[in-house]
Each structure stands twice: as structure tokens, then as C-alpha cells.
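Participant: Here you go, one structure.
Chains as they are written, first to last, in this note's numbering: chain A, 7 to 294; chain B, 1151 to 1567.
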């Protein structure tokens, strides 16, 4: 019994870190969301639910939520589908596949600010590689980050480029854990490639897919550095998402209370979506 | 067995001790080794690093008991870092801020020491340090003097026989000549230019200096004639093709490169960009030009200036004496001249001597009737953002009336709060 107590003691450092870096900031953000603190003053006026009421009416906040949903859906759909395709092709541990996997994973080890600069130059309307290529093909140049209708998709593409390798590795791990004899059985039964994927691969890949979907959703909702460096939410709020809205209010407008309220809402959105996704995928798993 | 348990407990305590040590506040810049007092100096200009290093070395030589630690955060993240440092009480001793809403926020948080009675205040041009005053007291001292009007390429103007325009018609004519000769008249970035260029558009359409205070008080609106005319002037330049292609997709570096490469004749920025342009193209001859949106006789103002990089002392700092000594040192005319010539920025210190052609060019504007940058007279940053967004919308092709209406909606929201 005593030795068990000692074992519990070993959990304390991790628990202390969790409380210090997660629980306390979360509770503090919740508390601050009921104030109109400017971020510096020792005077922290309590305003009750005013910040939440303001956010409900704030069209820039609404726009940032809309942009965030759009950004997340594009990234989630395209990144999950593409990374799964790449994972299927690069699943076998051949030397060439290992090289390809490394190449795909490479953006993950680069600093996000460096990635943002790479894409800013690529998207540059005058000297960017993309427009130069379009020009050589005789196609019209685009304002990739300046056109409010396409800027959010340009950013989503950069986000996908950055994270696709990471997601692909998760899928490869999932695919490699599927026993080979199941595929043999499917072959003996005369299953087509699609049937093999539908009834063998996909059901056993659901745990990996659950992780991928949750991870991508969280990453996309919390995306900040790429957008901050590349467009800073502009032009005219066309790429403002909740995290940039939060930053602008906290550090430019000096409205920590409002920023904290938007952080609480962001946390709730992520929690609800992630919970729903995991439930849906779990039910799909059970139904198999 | 007992020994093992004891070992486990000791290990746990060690881990906790290490954690606590790691999480404990750092040195905090207090009494350093050898009895020296360390003060921290925070600012947002990485381009000034070398110049400040030399100045700090001189200061430390003259004040052997004081050490200055410089903390630089680029302007986009500066205020976030500064907030953190001010919150921690003794995180910073001397710091810089922008005038306007940033100064107002720090002042209203009682984070500034009162510098009114310090002798070094007299070393500065009184008219240029008003931005750091509040209720008759001096809380921050602007160190830099900036002209927020476009920079132009003198050689290109001379090549096409263009005289510096003195009214709107001649400004349009000059732009047309440049365009016809394959030169982009104005390089405009979507991030820096809106806040800079709109000042010139507003200055003579709303010549009263308190126009934005009236806007914040709800006594005037962005849908009123003065702002519609200001946005209209910008729209006219856009519609006539006097900006480069794809302004919404051009960032400050891109616009500056177009100007430095002499593809554009004017850069919608300010005197602060001249040193960077010079680094990119050492042969370029630069001057400052203020677009006048009226006829010459109706132009009340000939340009825009800002006194910025405002030096202040953290009210919570326990090293007030040393911090004041450092600002006093910076206010010395020789040190201020050294700073100006090495960084390419004009200063607010009386009698500063400028040796570079760009500074001498900017220096000519001290005798011109210029107005303090309207965009830095706001107390609320959200209103400034609303105006910047209106300019960005014009560059995206939205109508003047629509952009003004949407901006006023944002202003109304702030006023209601």
C-alpha cells in the first residue's frame, strides 16, 4: 500500500506542470473574460457577461469564426484525403519511400515563420514563383494574398503543405499495424481493391483517423503564426481567424477581457467539435 | 527496501527543487556582480542595435556602476512583450512606446514615472515632445522625429522634368507623366502605407488638428465630407492607375523594393524608410514629398510629422536614478547626433547635427508647416484600425461611400462602449 503511495508521488511533477501551464492559465482566462482589463493596469474592472454579449454582436468576430470554419474545413478535408493517399503509396518501407517520407515531413521541422516567408515569396504577385509560372503558361496572374476571395485558401494551402507529412506518418503507422493476413483473406475471397480498403483497411485505420481528424481540427482552429506573418488577418479582415482576432484585441487594442472571452469561446468550439468527431468516428468503428 | 524508498523521496524532492529553480524568476536585472546596477532598456528597432550598442558602451564607460541590458522586440510583437514586462513590475526600467493609444494605455495604467522636473527635458525641442505629455506633465519623451509623407526619387523626377507638386492638379500631372514613361508613380504597401498615406489625404481636407478627437467624441463622422473627400483622393489615384498592380498583395518590403529598384518614383511610407532604401540602393537620391489634396492657396498644412520612439521609465522600477541617468545620456546632443547619423533617424534633441544626405534632406522639413500625424491622435486603437481598413478596402476596389460607411459602423461601436 505504501509503495503505491510512492508511485502516486511520482505523478506529482507532471501534475504540477499540468496545473501550472494548463489549469491555471485556463481558469485565469475564464476569470479575465468577465473583466475589461487593459493588460497592464492593476485596476481590473469586472464587467460580467459584457464581453460575451459584445462578441455576439461583433461582426468582425463573426467573420473570424466564419473564416476559421472555412479554413478548418478546407484543411481538414484536403489534408486528410491527401495524406491518406500519400500514406497508402509510401506505406512500404523501401529506401525510396523513406526518402519521400522524409521530404514530406521536412516542413514540420522548419520554423513556422520561415515557412510563412517561403510562402509569402511564392505567392508574391510580382516576383513570386506561382505567378511567374502562370505567366509562362500564358495564364492570368493572381493576387494570392491580396484578393479577399482567395487569400484564406492560399493560407489553407500553406497550412496543408506544412502539416501533411506529420499526418501522413500517423496514417502510415496505422496502415502498418494492420495484419497482413487480413489482406490475404480478402484476396482469397476475391475482394476488389476498393472493397479491401472499405472493409479491411478503413475500419482498422479509424483509430489513426480519429487522431488525425482531432489533431488537424485543433491545429487549424489554433493556426496563428502562418496567418499572422503572411496576412495579419488582412486584407480588411478577409483572413482574420479567432486566434488573430484574439491577438489583435489583447495586444493592439489593449482589451484583454474581450480577448479572453474569445479564447474561451475558441476553447469551447474546439472541445465540442473534437468531442463530436471522436464520437462519430467511434460509432462508425462500432458499426463495422 | 527502506533505502529504495528514501532514494525515491529524495529523487522526487530533487525534481521539485529543479522545477522550482527553473520556474523561479530570473535575475531580473537587479544588482549584478561587482556591485553594478543593471537596468533594462526595451525598444522595437532591431535596425538600431549596433548604434545603441556603441552608445550603451559609452554610457557604461562614463557610469561604471551601471550596466544596460537592451531588449529588442520587432514592432509587431513589441507591445505584447512590453505588457508582460510592465506587468512583472521590475521586468523593464527604460522603455519606448508609440504616441497615441499605446501611450494612453500605459499612462492610464499608471506605469510611467513622472519626468516633468527632470533637467534633461530641457534638452529636447519643446514642440516635439508634446506627444508624451498628459495633464501638463511629461511622462514620456519622444526621441525620434519622423515625417509621415511619401519619399520620392529625385533623379527620376529630374529625368522627366517634374517639379515637386504643390497642389492636387500638379500631383496628378506628375503621376501621369511618370506613368506614361513606364514608371510606377507610387509604390503602396497594404500593411504600412494605409496608415501613412491617409494622413496626407486628410491633412488639408480636415485641417483642424483635433478632428480625430472629435470623431472619438462622436462630433464628426467618417461619412462626413472631409473623410469622403480624403478617401476620394486616394480612390482617384487608384482608378488612374498611379499605384503598382496588386496593392492588396504587396507588403512593405515589396513596395520598398520597387522604390529602391527605381521602378517606382514615390514610396507611400515616411522618412523612417529612407535609411533602409539607401542600404538597398546606395546611389538613390531621396527626398520627401507631401501630396496636397487642395489648391496651393487652400493648403493649410504642407506635411505631416510624428515625434515617436517615446522614452519612458517604468513607475515600478527600483532603479529610477540609473534609468534617468540613461535617458539624460541619450538627450546629450552629441549622443543624439551619433544615434541619428548611425540609424538614419532624425531626433527631437535640440541642436542635433545631421551628416547624411537623407537626414539633411529631412532636416529641411523642420522649417515647413507640418502637422502632428492625425493617426497618432487616437486614444482608441480600434478607430485607427477602422480607418486603415477603409483605405485597404479602397485598394480592393470598394466604393468610397461603402468603405466610409463600414468604417463609421466600427467607430460607432467603439463610441457606444
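Just so you know, even glycine gets a beta-carbon here, dropped at the ideal spot from N, CA and C.
(1) Looking at residue 1417(B): is its Cβ nearer than 8 Å to the Cβ of residue 1337(B)?
(2) If the cut-off is 7 Å on Cβ atoms, which residues from the region 1542 to 1561 of chain B count as contacting chain A, listed in chain order?
(3) CA-CA distance, residue 1401(B) and residue 1414(B)?
(4) Going by DSSP, what residue range makes up the beta strand (DSSP E) through residue 1119(B)?
(5) Using a beta-carbon distance cut-off of less than 9 Å, what residues from the region 260 to 273 of chain A approach chain B?
(6) Grouping DSSP H, G and I as helix and E and B as strand, with all else coil, what is residue 1521(B)?
(7) Mapping the DSSP letters down to three states, classify residue 1299(B) as helix, strand or coil.
(8) For residue 1455(B), which beta-bridge partners are listed by DSSP?
(9) Considering only their Cβ atoms, is the gap separating residue 229(A) from residue 283(A) smaller than 8 Å?
(10) Would you mind giving the Cβ-Cβ distance between residue 1250(B) and residue 1422(B), rounded to the nearest angstrom? I have them listed as a contact below 8 Å.
(11) Assign residue 115(A) to one of three DSSP states: helix, strand, or coil.
(12) Can you give me the C-alpha to C-alpha distance between residue 1159(B) and residue 215(A), rounded to a whole angstrom?
(13) For the region 147 to 168 of chain A, enumerate the residues whose C-beta is nearer than 9 Å to any C-beta of chain B, in chain order.
(14) List the whole-angstrom C-beta distance separating residue 1260(B) from residue 1436(B), where the pair is believed to meet the contact cut-off of C-beta under 8 Å.
(15) If we count Cβ pairs, one from each stretch, closer than 8 Å, do we get three or more for the region 1231 to 1249 of chain B versus the region 1465 to 1481 of chain B?
(16) When burial is assigned at 16 or more other CB atoms within 10 Å of the CB, is residue 1257(B) buried or exposed?
(17) Of the residues 289(A), 285(A) and 280(A), which one's Cα is nearest the Cα of residue 82(A)?
(18) Taking Cβ positions, are residue 180(A) and residue 209(A) nearer each other than 8 Å?
(19) Is the beta carbon of residue 1504(B) closer than 8 Å to that of residue 1495(B)?
(20) Taking Cβ-Cβ distances below 7 Å as the criterion, which residues of the region 31 to 48 of chain A are in contact with chain B?
(21) Taking a contact to mean a Cβ-Cβ separation below 8 Å, would you say residue 250(A) touches residue 233(A) in this structure?
(22) Would you say residue 1320(B) touches the ligand ZN, meaning its beta carbon is less than 7 Å from a heavy atom?
(23) Would a C-beta distance cut-off of 8 Å place residue 1544(B) and residue 1385(B) closer than the cut-off?
(24) So, is the C-beta of residue 1383(B) closer than 8 Å to a C-beta in chain A?
(25) Taking 8 Å as the threshold (C-beta atoms), are residue 1292(B) and residue 1419(B) in contact?
(26) Taking the beta strand (DSSP E) that residue 1438(B) falls in, what are its first and last residues?
(27) With a cut-off of 8 Å on the beta carbons, I'd call residue 1190(B) and residue 1242(B) a contact; round off their distance for me.
(28) In chain A, which residues lie with their C-beta within 7 Å of the C-beta of residue 1230(B)?
(29) Excluding the 5 residues preceding and the 5 following residue 172(A) in the sequence, name in chain order all residues of the same chain whose CB lies nearer than 6 Å to its CB.
(30) Anything in chain A within Cβ reach of residue 1261(B), meaning under 9 Å, just list it in chain order.
(31) I need the straight-line Cα distance from residue 248(A) to residue 1246(B), nearest angstrom please.
(32) Can you tell me whether residue 265(A) is helix, strand or coil according to DSSP?
(33) Quick one: using the 10 Å Cβ neighbour count with 16 as the cut-off for buried, is residue 1398(B) buried or exposed?
(34) Contact criterion: CB-CB distance below 8 Å. Does residue 130(A) meet it with respect to chain B?
(35) When the Cα atoms are used, what is the spatial distance from residue 103(A) to residue 241(A)?
(36) Quick one: what's got a C-beta closer than 7 Å to residue 152(A)'s C-beta in the same chain, skipping five residues either side?
Facilitator: Based on what the coordinates show:
(1) Start at 1 with the first residue of the second chain, and residue 1417(B) comes out as number 267. Start at 1 with the first residue of the second chain, and residue 1337(B) comes out as number 187. Yes.
(2) 1542, 1543 and 1546
(3) Position 251 of the second chain, counted from the first residue, corresponds to residue 1401(B). Position 264 of the second chain, counted from the first residue, corresponds to residue 1414(B). If I take the Cα positions, the gap works out to 15 Å.
(4) Residue 1119(B) is absent from the structure shown; chain B starts at 1151 and stops at 1567.
(5) 260, 261 and 262
(6) In the second chain, counting from the first residue as 1, residue 1521(B) sits at position 371. DSSP places residue 1521(B) in strand when its eight states are reduced to three.
(7) The residue labelled residue 1299(B) in the question sits at position 149 within the second chain. Of the three classes helix, strand and coil, the one that applies to residue 1299(B) here is coil, per DSSP.
(8) Counting from one through the second chain, the residue named residue 1455(B) turns up at place 305. DSSP output for residue 1455(B) lists 1297(B) and 1522(B) as bridge partner(s).
(9) For the purposes of this step, residue 283(A) is identified with residue 277 of the first chain, where counting begins at 1. For the purposes of this step, residue 229(A) is identified with residue 223 of the first chain, where counting begins at 1. Going by C-beta atoms, residue 283(A) is not nearer than 8 Å to residue 229(A).
(10) Your numbering for residue 1250(B) matches position 100 in the second chain. Your numbering for residue 1422(B) matches position 272 in the second chain. Not a contact, Cβ separation roughly 16 Å.
(11) On the first chain, residue 115(A) is found 109 positions in, with the first residue counted as 1. Here residue 115(A) sits in helix by DSSP.
(12) For the purposes of this step, residue 1159(B) is taken as residue 9 along the second chain, with counting starting at 1. For the purposes of this step, residue 215(A) is taken as residue 209 along the first chain, with counting starting at 1. Bear in mind that a pLDDT of 45 at residue 1159(B), under 50, signals an unreliable position, so the model cannot answer this.
(13) 147, 148, 149, 150, 151, 152, 153, 154 and 157
(14) Numbered from 1 along the second chain, position 110 holds the residue referred to as residue 1260(B). Numbered from 1 along the second chain, position 286 holds the residue referred to as residue 1436(B). Actually they do not touch by this definition, with Cβ atoms about 42 Å apart.
(15) yes
(16) The residue given as residue 1257(B) occupies position 107 in the second chain. Buried.
(17) Looking up residue 82(A) in the first chain gives position 76. Of the listed residues, the one whose Cα sits closest to residue 82(A) is 280(A).
(18) Translated into the one-based positions of the first chain, residue 180(A) becomes position 174. Translated into the one-based positions of the first chain, residue 209(A) becomes position 203. The answer is no: Cβ separation not under 8 Å.
(19) Counting from one through the second chain, the residue named residue 1495(B) turns up at place 345. Counting from one through the second chain, the residue named residue 1504(B) turns up at place 354. Not closer than 8 Å, so no.
(20) 44, 45, 46 and 47
(21) Counting from one through the first chain, the residue named residue 250(A) turns up at place 244. Counting from one through the first chain, the residue named residue 233(A) turns up at place 227. Yes, they are a contact pair.
(22) As for the ligand ZN, it is missing from this structure, which has no ligand bound.
(23) Residue 1544(B) sits at position 394 when you count from the first residue of the second chain. Residue 1385(B) sits at position 235 when you count from the first residue of the second chain. Yes, these two residues count as a Cβ contact at 8 Å.
(24) Counting from 1 along the second chain, the entry for residue 1383(B) is found at position 233. No, its Cβ sits nowhere closer than 8 Å to a Cβ of chain A.
(25) Along the second chain, read from residue 1 onward, the residue named residue 1419(B) stands at position 269. Along the second chain, read from residue 1 onward, the residue named residue 1292(B) stands at position 142. Not closer than 8 Å, so no.
(26) As a first step, residue 1438(B) is located in the second chain; it is residue number 288 there, counting from the start. 1436 to 1438 is the span of the beta strand (DSSP E), which, as asked, contains residue 1438(B).
(27) Locating residue 1190(B) in the second chain gives position 40, where the first residue counts as 1. Locating residue 1242(B) in the second chain gives position 92, where the first residue counts as 1. Confirmed, Cβ separation roughly 5 Å.
(28) The residue you call residue 1230(B) lines up with position 80 of the second chain. What residue 1230(B) touches in chain A: 257.
(29) Here residue 172(A) is taken as the residue at index 166 of the first chain, counted from 1. Around residue 172(A): 114.
(30) Counted from its first residue, the second chain places residue 1261(B) at position 111. Neighbours of residue 1261(B) on chain A, chain order: 46 and 47.
(31) Along the first chain, read from residue 1 onward, the residue named residue 248(A) stands at position 242. Along the second chain, read from residue 1 onward, the residue named residue 1246(B) stands at position 96. The straight-line gap from Cα to Cα measures roughly 29 Å.
(32) Working through the first chain from its first residue, we reach residue 265(A) at position 259. Three-state DSSP puts residue 265(A) in a helix.
(33) For the purposes of this step, residue 1398(B) is taken as the residue at position 248 of the second chain. Counting Cβ neighbours within 10 Å, residue 1398(B) comes out buried, since at least 16 surround it.
(34) Residue numbering aside, residue 130(A) sits at position 124 when the first chain is read from its first letter. Chain B, which has a Cβ nearer than 8 Å to the Cβ of residue 130(A), makes this yes.
(35) Taking the first chain and counting its residues from 1, the one referred to as residue 103(A) is at position 97. Taking the first chain and counting its residues from 1, the one referred to as residue 241(A) is at position 235. Distance between the alpha carbons of residue 103(A) and residue 241(A): 40 Å.
(36) By one-based count along the first chain, residue 152(A) stands at place 146. 131 and 241.
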